[in-house]
Amino acid sequence: MELRYEDGWLLEMDADAGVYDVYDEKRCLLQQVTGNQRLLLSGNDKRPMLYIRKGKQTFVVKPRALPDTGVVNFRDLGGYVNRDGQQVRYDCFYRSAPLCDLQKEHVEYLQQLQIQHILDLRSDMERKGKEDIHLPKAKYHPISAITFDQGMDVKGSFDFATLLQQLDVTLLKNMMMQVYTKLPFDNPAYRLLVQVVLEEEVPVLFHCSAGKDRTGFGAALLLLLLDVDEETILNDYVLSNQYRKKENAKIYAQVAASQTDVEAVMGVQKQYLRTALQAIKQRYQTYEAYFQAEFGIDETQRKHLKQRYLYPLNM
Numbered sequence: 003m004e005l006r007y008e009d010g011w012l013l014e015m016d017a018d019a020g021v022y023d024v025y026d027e028k029r030c031l032l033q034q035v036t037g038n039q040r041l042l043l044s045g046n047d048k049r050p051m052l053y054i055r056k057g058k059q060t061f062v063v064k065p066r067a068l069p070d071t072g073v074v075n076f077r078d079l080g081g082y083v084n085r086d087g088q089q090v091r092y093d094c095f096y097r098s099a100p101l102c103d104l105q106k107e108h109v110e111y112l113q114q115l116q117i118q119h120i121l122d123l124r125s126d127m128e129r130k131g132k133e134d135i136h137l138p139k140a141k142y143h144p145i146s147a148i149t150f151d152q153g154m155d156v157k158g159s160f161d162f163a164t165l166l167q168q169l170d171v172t173l174l175k176n177m178m179m180q181v182y183t184k185l186p187f188d189n190p191a192y193r194l195l196v197q198v199v200l201e202e203e204v205p206v207l208f209h210c211s212a213g214k215d216r217t218g219f220g221a222a223l224l225l226l227l228l229d230v231d232e233e234t235i236l237n238d239y240v241l242s243n244q245y246r247k248k249e250n251a252k253i254y255a256q257v258a259a260s261q262t263d264v265e266a267v268m269g270v271q272k273q274y275l276r277t278a279l280q281a282i283k284q285r286y287q288t289y290e291a292y293f294q295a296e297f298g299i300d301e302t303q304r305k306h307l308k309q310r311y312l313y314p315l316n317m
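Using the numbering used here, the final residue of the sequence shown is 317, and nothing's skipped along the way.
What follows is the structure, given as structure tokens:
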């Protein structure tokens with residue numbers, strides 16, 4: 003089920019034969035709907051919250067993409083269902099592109115989210131001239147998720163719009179695969195992200211230059227911690243193609259390479275994130291062993307994280 007804006011908030015239900023009761027934020031029944039049905043909501047709420055009840059189970063639904071942020075690819079990791087049937091809480095984990103083009107009204111809107119930490123995963127060179135506009139009360143952490151000491155001649159940047167002007171597309175694809183094998187390991191940026199989450203200093207926002215690769219792995223990391231399955235994580239990862247469609251189209255028009263080649267670099271493909279997940283399992287065999295070795299998280303701590311960041315089964 004998905005709640006998105008289309009001349010008003012539109013709720014699209016899963017395509018099954020089930021019957022769902024839809025309640026508003028005050029738990030007042032709005033309507034009964036069936037699979038494949040679309041429900042257009044009235045009202046001017048910028049980001050409505052619904053409770054969808056089917057049988058004995060209740061799901062929380064909010065728009066994944068946040069309106070009025072002034073930031074590309076700004077979305078919430080809440081709502082995904084883990085292996086135990088519990089949903090990730092909304093309004094805890096946000097992911098996006100840089101905050102460098104904010105207007106006053108955007109800052110005011112983002113302040114309402116009460117973000118406590120912002121992790122800027124870009125390199126120093128990427129930030130130059132495109133610095134984040136800081137949000138009052140949010141702690142800002144410029145901490146690169148990539149070190150450029152692996153023989154990759156990218157001049158300190160992981161901004162593919164820039165790199166496409168400098169390097170061959172095939173070389174960029176190979177470089178991307180190489181980067182994804184290294185992102186999960188001995189990475190101070192992701193250790194800081196996990197530390198913030200462990201200390202419950204949320205909401206937290208993390209971003210890179212496009213909000214898709216370094217940010218995409220950070221999102222995968224948090225969802226893995228909460229025991230969300232790989233396919234769901236991969237599907238969230240490739241949503242960047244949808245939310246960056248307009249921005250990528252502008253880049254296609256400026257680059258000499260074929261659109262297919264450019265899409266392979268400017269967009270995201272499941273195989274990229276799979277490369278990182280496979281690298282983890284090749285080194286540690288299990289995610290439990292990975293979290294213990296790289297982040298010092300044992301099963302007791304992971305259980306606590308689930309209690310904090312998942313909705314209870316019976317609401």
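For each residue, glycine too, the CB sits at the ideal point set by N, CA and C.
Coarse secondary structure for residue i, derived from DSSP in three states
i      : result
Asp103 : coil
Phe187 : coil
Arg29  : coil
Gln303 : helix
Tyr289 : helix
Lys139 : coil
Glu133 : coil
Val156 : Its pLDDT being 43, under 50, Val156 is placed unreliably in this model, and the coordinates cannot settle the point.
Gln294 : helix
Arg276 : helix
Asp122 : strand
Gln113 : helix
Arg97  : strand
Gln39  : coil
Leu315 : coil
Arg246 : coil
Buried or exposed by the 16-neighbour rule on C-beta atoms within 10 Å, applied to residue i
i      : result
Asp151 : With a pLDDT of 49 at Asp151, under the threshold of 50, the predicted position of this residue should be treated as unreliable, and no value is reported.
Ala147 : buried
Asp215 : buried
Gln244 : exposed
Leu315 : exposed
Tyr7   : exposed
Cys210 : buried
Gly218 : buried
Leu68  : buried
Asn84  : buried
Leu307 : buried
Asn250 : buried
Ala278 : buried
Arg66  : buried
Lys58  : exposed
Leu5   : buried
Met178 : buried
Thr71  : buried
Val156 : Its pLDDT being 43, under 50, Val156 is placed unreliably in this model, and the value from its coordinates should be taken loosely. Burial call: buried.
Glu296 : buried
Arg124 : buried
Gly220 : buried
Gly153 : Note on Gly153: pLDDT 36, under 50, position unreliable in the model; the coordinate value appears next. Exposed.
C-beta contact flag for residue i and residue j at 7 Å
i      : j      : result
Leu121 : Phe61  : no
Gly80  : Val73  : no
Lys56  : Gly87  : no
Leu137 : Leu112 : yes
Phe76  : Leu224 : no
Leu227 : Leu275 : no
Tyr82  : Val198 : no
Glu203 : Gln114 : no
Tyr25  : Tyr53  : yes
Tyr292 : Ile282 : yes
Glu27  : Met3   : no
Ile135 : Leu104 : yes
Asp23  : Gln34  : yes
Interface flag, residue i vs chain C, CB-CB below 7 Å
i      : result
Tyr311 : The displayed structure is made up of one protein chain only, and chain C is not part of it.
- prompt: Does the segment 88 to 103 touch the segment 123 to 137, meaning 3 or more C-beta pairs lie closer than 8 Å?
  reply: yes
query: Does the segment 270 to 277 come close enough to the segment 237 to 251 to have 3 or more Cβ pairs within less than 8 Å?
result: yes
Residue ranges of each beta strand (DSSP E) within the segment 45 to 82, 3 or longer: 52 to 56 and 59 to 63
field: Every unbroken beta strand (DSSP E) inside the segment 184 to 241 [3 residues or more]
entry: 206 to 209
task: Evaluate contact between the segment 8 to 17 and the segment 41 to 58, counting only Cβ atoms and requiring at least three cross-stretch pairs below 8 Å.
output: yes
field: Cβ contact check for the segment 172 to 182 and the segment 190 to 199: 3 or more pairs under 8 Å
entry: no
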